[in-house]
Amino acid sequence: QVQFVESGGGLVQPGGSLRLSCAASGSVFKFIDMGWYRQAPGKQRELVATITSRDRTNYATFVKGRFTIARDNAKNTMYLQMNSLEPEDTAVYYCNIASASPTSTWGQGTQVAVSS
Numbered sequence: 051q052v053q054f055v056e057s058g059g060g061l062v063q064p065g066g067s068l069r070l071s072c073a074a075s076g077s078v079f080k081f082i083d084m085g086w087y088r089q090a091p092g093k094q095r096e097l098v099a100t101i102t103s104r105d106r107t108n109y110a111t112f113v114k115g116r117f118t119i120a121r122d123n124a125k126n127t128m129y130l131q132m133n134s135l136e137p138e139d140t141a142v143y144y145c146n147i148a149s150a151s152p153t154s155t156w157g158q159g160t161q162v163a164v165s166s
């Protein structure tokens, strides 16, 4: 089973940027459609962006134009470049397969806090 480890979160001011990383184990990462998810306090986890094994991307409306998802299969790593961050982006960010469900196995995530 492929495991994922998220990193790169932190505290940033509104309008700032962060780049999240997702390191995957195993040799099948390049074949997997992947996604970034987030869960804000008191809210359900939601899908932020997806990237297919062929680099086709899709974004939630609320991040379109601000966030960019990318992957480096040679490094078994996926990224989420987040620009123009807003307080509403405050959440724990997770990576997983693009079709993950609430009952899927989830990592610890990485905390992103946007505040002045």
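Numbering (the numbering used here), first residue to last: 51 to 166.
Think of the CB as a built atom: it goes at the ideal place given N, C-alpha and C, for glycine as much as any other residue.
Just tell me which of the options has its CA closest to the CA of residue i.
i	options	result
residue 158	66, 89, 61 and 129	89
residue 69	154, 166, 127 and 156	127
residue 130	160, 76, 63 and 137	160
residue 100	113, 92, 153 and 59	113
residue 121	73, 58 and 59	73
residue 91	139, 154 and 153	139
residue 165	154, 141, 156 and 153	141
Straight-line CA distance for residue i to residue j?
i	j	result
residue 123	residue 148	16 Å
residue 34	residue 143	The requested residue 34 is not part of the displayed model; the chain covers only 51 to 166.
residue 80	residue 106	13 Å
residue 162	residue 75	23 Å
residue 115	residue 64	16 Å
residue 137	residue 61	11 Å
residue 132	residue 118	7 Å
residue 59	residue 111	21 Å
Within a Cβ cutoff of 8 Å, which residues of the same chain sit near residue i, ignoring the five residues on either side of it in sequence?
i	result
residue 87	95, 96, 97, 98, 143, 144, 145, 146 and 150
residue 83	100, 101, 102, 103, 147, 148 and 149
residue 154	146 and 147
Spatial neighbours of residue i within its chain, please: C-beta separation below 7 Å, excluding the five flanking residues on both sides.
i	result
residue 78	52
residue 66	135
residue 109	99 and 117
Does DSSP put residue i in a helix, a strand or coil?
i	result
residue 136	coil
residue 108	strand
residue 123	helix
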